[in-house]
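First the structure, in the form of structure tokens, and then the observations on it.
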Amino acid sequence: MNNRIKELRARGNLTQLDLAELTGVRRETIVFLEKGKYNPSLKLAYEISKVFKLNIQEVFIFDRKEYKVGAGRDFSVK
Amino acid sequence: MTKQKMLLLAINLVIILVVLDITAFEKETGFLEGIHPIIILFLVLISVLIAIRPLKKRKNNKAALAVDDELSLSIKYKAGYYAYLITMLIWVFIFLVKDRFPNPDVLLGVGIMLSAISAIISRIVIKRKPNE
């Protein structure tokens, strides 16, 4: 899963430590998130999005193809 | 030199002094006779690591930082699971080859050491790619 944490953090003049403090995790977790090595829990994704005052989908970009979800079919409710 | 580096240097010095002290004391009294020096060093290292943890926790608590979070816990659980599986295989292997070694104490020591090593390696591997 891709994310815009690094970009948003730079825009908001926040250090990794600041973001870690604001979201209640360790700085190492922020490093892993920025590198795309770790997919956060829904709670952490929500906390991070809240810091940037954005929606979760504006911070975290979920690529359905990457995870082969739904085999490319559209499951949206009409 | 930062405070952290100073602390690490101090810890290293203490370890060396403790090992030297134990070695000197052992030569005088022979109370560690039969125990391999590497095992003693291993025990000292584990003791130091155990002692560091509360200090780190206290420091992080003071700075209002998390000591454990979802990533660190997930790494611990996964690494524990893999280490457990590997350890099981190690003991099965040791059980199969036990007749080839006359001294069972050596096998016991090897088993314990390999279990510890498997735990450390599992942690390193899981930490590299925590999502997988």
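In order, the protein sequence lines correspond to chains Y and P. Numbered per the working numbering, the first sequence spans residues 65 to 142. Numbered per the working numbering, the second sequence spans residues 269 to 400. Even for Gly, the Cβ is constructed at its ideal location relative to N, Cα and C.
| said: So, at 6 Å on beta carbons, what are the nonlocal neighbours of L86 of chain Y in its own chain, with the 5 sequence-adjacent residues on each side left out? | reply: V115
| Taking the Cβ atom as the reference point for each residue, do N66 of chain Y and I125 of chain Y lie within a distance shorter than 8 Å? | yes
| said: One question on the structure: do L81 of chain Y and R91 of chain Y come within less than 8 Å of each other, judged by their Cβ atoms? | reply: Annotated as proximal: L81 of chain Y and R91 of chain Y, with beta-carbon spacing under 8 Å.
| task | Give, in chain order, every residue of the stretch 68-89 of chain Y whose Cβ lies closer than 7 Å to some Cβ of chain P. | result | From the stretch 68-89 of chain Y, only A84, E85, G88, V89 have a Cβ closer than 7 Å to chain P.
| task | Return the chain-ordered list of same chain residues with a C-beta closer than 8 Å to the C-beta of I358 of chain P, the five sequence neighbours on each side being excluded. | result | For I358 of chain P, where only same-chain residues beyond five positions count, the Cβ hits under 8 Å are G379, L382, S383, S386.
| field | Neighbouring residues, chain P, relative to N103 of chain Y (Cβ below 8 Å) | value | Simply N399.
| query | Counting Cβ pairs closer than 8 Å, one from the stretch 315-322 of chain P and one from the stretch 345-352 of chain P, do we hit at least three? | reply | Between the stretch 315-322 of chain P and the stretch 345-352 of chain P, the count of Cβ pairs shorter than 8 Å is below three; the stretches do not touch.
| message | List, in chain order, every chain P residue whose beta-carbon is nearer than 7 Å to that of L108 of chain Y. | response | E338, listed in chain order.
| message | Quick check: what's the CA-CA separation for R391 of chain P versus A331 of chain P? | response | A direct Cα-Cα distance of roughly 26 Å separates R391 of chain P from A331 of chain P.
| field | Secondary structure of F126 of chain Y, DSSP reduced to three states | value | coil
| message | Between F343 of chain P and K395 of chain P, how many whole angstroms is the CB-CB distance? I'm expecting something under 8 Å. | response | The amino acid at residue 343 of chain P is misidentified as Phe; the sequence shows Ile. Yes, I343 of chain P and K395 of chain P are in contact; Cβ-Cβ is about 6 Å, under 8 Å.
| query | To the nearest whole angstrom, what separates the beta carbons of Y102 of chain Y and N399 of chain P, a pair I think is in contact under 8 Å? | reply | 6 Å
| message | Here's the rule: buried if 16 or more other CB atoms are within 10 angstroms of the residue's CB, otherwise exposed. What is R368 of chain P? | response | exposed
| request: Mind checking the stretch 314-339 of chain P against chain Y and listing, in chain order, the residues whose C-beta falls within less than 7 Å of any C-beta there? | output: Of all residues in the stretch 314-339 of chain P, those with a C-beta nearer than 7 Å to a C-beta of chain Y are A332, L333, A334, D337, E338, L339, reading in chain order.
| message | Here's the rule I'm using: 16 or more other beta-carbon atoms within 10 Å means buried, otherwise exposed. How should S105 of chain Y be labelled? | response | exposed
| request: Below 6 Å CB to CB, which residues in the same chain sit around A109 of chain Y once its five sequence neighbours on both sides are set aside? | output: Hits under 6 Å: I120, F124.
| Residue nearest to V282 of chain P in terms of C-alpha spacing, selected from P:I308, P:I389, P:V312 | P:V312
| said: Does the CB of F96 of chain Y have a neighbour CB from chain P at under 8 Å? | reply: yes
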